[in-house]
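There are 2 protein chains.
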Amino acid sequence: MPYEEILDRFKAQLKIMGLKVTRERVIILEEVMKRKDHFDADQFAADLSVGGVKVSRATVYRTLDILHDMKIVHKTTLGHKHQHYENMVDRAHHDHLVCLKCDKVVEFLEPRIEELQEKVCLDHGFVIKDHSLQLFGICGDCTDDDAEANN
Amino acid sequence: MPYEEILDRFKAQLKIMGLKVTRERVIILEEVMKRKDHFDADQFAADLSVGGVKVSRATVYRTLDILHDMKIVHKTTLGHKHQHYENMVDRAHHDHLVCLKCDKVVEFLEPRIEELQEKVCLDHGFVIKDHSLQLFGICGDCTDDDAEANN
DNA sequence: CTTTGTGCAAAGCGTTTGCAGAGTG
DNA sequence: CACTCTGCAAACGCTTTGCACAAAG
Chain A
16 MPYEEILDRF KAQLKIMGLK VTRERVIILE EVMKRKDHFD ADQFAADLSV
66 GGVKVSRATV YRTLDILHDM KIVHKTTLGH KHQHYENMVD RAHHDHLVCL
116 KCDKVVEFLE PRIEELQEKV CLDHGFVIKD HSLQLFGICG DCTDDDAEAN
166 N
Chain B
16 MPYEEILDRF KAQLKIMGLK VTRERVIILE EVMKRKDHFD ADQFAADLSV
66 GGVKVSRATV YRTLDILHDM KIVHKTTLGH KHQHYENMVD RAHHDHLVCL
116 KCDKVVEFLE PRIEELQEKV CLDHGFVIKD HSLQLFGICG DCTDDDAEAN
166 N
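In structure tokens form, the structure reads like this:
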């Protein structure tokens, strides 16, 4: 989806929600669209200011929340004390594999796990709304390191 | 496993770790053993003091960490900003289903999900060490409420 | 008697919020 | 103009920590 289209969609949704289109909100949307990685709000704000753009941390948090409500951004906990955000435009749901040594994050989708989750919920009389799955391990590169270290 | 046995194991492990057996640590172990639910450190400390036992919050956090290292206690994030602890003595690994309305927590174990997780890791060259899976939904009781509310 | 533990209160850390002035529609 | 936003700094909620005194081995 081209940036122009997202921007229009963003503006339209803001209007629907009774919110205003501000310089800061557009800047943040633009920066989010550049990101393909998993980022945290604080670092995001820092990067903006390094780029010479001044937007306060508070506004970053507030705007990422709006983008989350609009499903433009997804929030995950990847085993750290802070939240990670990721741009979800043109992207399907997925879960994460996190390396405990180098913090590398790999995305994956395993439909059979999703199905089984549905089944578990059904069996317990729950209507599933969401789930959170992270696998923690040691990635290939870091396992190699281990091998070397043991020589 | 009888309490006496756990206590002995606790004392032995403390010794191995070069730590001392203190009144507070024993009190906390005892209280943990009484718990079958998912609790947070703060509430745990509060309950102790209601029970007339004085142990500081700091010591509760410090001791729960030790118990976690000893695998006597397990730490999970159930979608709140604080950690939940649970007594793992005589209990097998399991994941959690959380009701978004009433916060009810149901434990489940789906071996096929565990297997698929292994497979996903393998496929990505990871050695799995741990995982975190929470399903969020609306439980049977709360779905009923919805139905009533819509009448 | 040496070493570790405890309580307290303060600090940390990510995140949220109240407020006064700035900007949008 | 009326109303929402922003930036700031202070507040927050959970957790950790420095320190002086207490207790364990």
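Protein sequences appear in the order of chains A and B. Here my numbering is used: the first residue of the first sequence is 16, the next is one more, and so on. Here my numbering is used: the first residue of the second sequence is 16, the next is one more, and so on. Backbone N, C-alpha and C define an ideal beta-carbon position, used for all residues, glycine too.
- Apart from the five residues just before and just after residue 89 (chain A), which ones in its own chain have a Cβ nearer than 6 Å to its Cβ? In the same chain as residue 89 (chain A), and ignoring 5 residues on each side of it, the C-beta atoms closer than 6 Å to its own belong to 101, 103, in chain order.
- First and last residue of the alpha helix (DSSP H) that includes residue 114 (chain A)? Unbroken run through residue 114 (chain A) is the beta strand (DSSP E), 110-114; no alpha helix (DSSP H).
N- and C-terminal bounds of the alpha helix (DSSP H) containing residue 41 (chain B) = According to the DSSP assignment, residue 41 (chain B) belongs to the alpha helix (DSSP H) that extends over 38-49.
Enclosing alpha helix (DSSP H) for residue 147 (chain A) [first to last residue]: That residue, residue 147 (chain A), is in no alpha helix (DSSP H); its beta strand (DSSP E) goes 142-153.
Where does the unbroken beta strand (DSSP E) through residue 101 (chain B) begin, and where does it stop?
From DSSP, the beta strand (DSSP E) with residue 101 (chain B) extends over 99-102.
Notebook entry, point to check: Sorted by chain position, which residues of the same chain lie with C-beta nearer than 6 Å to residue 120 (chain B)'s C-beta, five sequence neighbours on each side aside?
Noted result: Within the same chain, 53, 111, 113 come within 6 Å of residue 120 (chain B) by CB-CB distance, once the 5 residues on both sides are set aside.
Kindly indicate which three-state DSSP category residue 89 (chain A) falls into: helix, strand or coil?
Secondary structure at residue 89 (chain A): strand, using DSSP grouped into helix, strand and coil.
| field | Residue range of the alpha helix (DSSP H) that includes residue 59 (chain B) | value | It spans 56-65 - the alpha helix (DSSP H) in which residue 59 (chain B) sits, taken as one unbroken run.
Practice prompt. In the DSSP assignment, find the alpha helix (DSSP H) that holds residue 121 (chain B) and state where it starts and stops.
Written response: Here residue 121 (chain B) belongs to no alpha helix (DSSP H); instead the beta strand (DSSP E) covers 120-123.
Next on the checklist: Need the endpoints of the alpha helix (DSSP H) that residue 134 (chain A) sits in, please.
Outcome noted: Counting along the chain, the alpha helix (DSSP H) containing residue 134 (chain A) begins and ends at 126-138.
Quiz prompt | chain B within 8 Å of residue 97 (chain A), Cβ atoms only | solution = No, because no Cβ of chain B sits closer than 8 Å to the Cβ of residue 97 (chain A).
Notebook entry, point to check: Would the beta-carbon of residue 115 (chain B) fall within 8 Å of that of residue 144 (chain A)?
Noted result: Yes; because the gap between Cβ atoms is below 8 Å, this pair is in contact.
Exercise. Could you tell me whether any Cβ in chain A is nearer than 8 Å to the Cβ of residue 125 (chain B)?
Key: With 8 Å as the cut-off, residue 125 (chain B) counts as an interface residue toward chain A.
| query | Between residue 88 (chain A) and chain B, is there a C-beta pair that is closer than 8 Å? | reply | No, because no Cβ of chain B sits closer than 8 Å to the Cβ of residue 88 (chain A).
- Message: With a threshold of 8 Å between beta-carbons, can residue 117 (chain B) be considered close to chain A, or not?
- Response: Residue-level contact check: residue 117 (chain B) does not touch chain A, since none of the beta carbons of chain A fall below 8 Å from its beta carbon.
Quiz item: Mind checking if residue 67 (chain B) is an interface residue toward chain A, Cβ cutoff 8 Å exclusive?
Solution: No, its Cβ sits nowhere closer than 8 Å to a Cβ of chain A.
Requested in this report: Decide if residue 78 (chain A) is buried, meaning its Cβ has at least 16 other Cβ atoms within 10 Å, or exposed.
Outcome: So residue 78 (chain A) ends up on the buried side.
Next item on the list: Anything in chain A within Cβ reach of residue 146 (chain B), meaning under 9 Å, just list it in chain order.
Entry: Contact note: residue 146 (chain B) reaches chain A through 148, 149, 150, 151, 152, using a C-beta cutoff of 9 Å and chain order.
Proximity below 8 Å, CB of residue 43 (chain A) to CB of residue 65 (chain A):
No, Cβ-Cβ distance for residue 43 (chain A) and residue 65 (chain A) is not below 8 Å.
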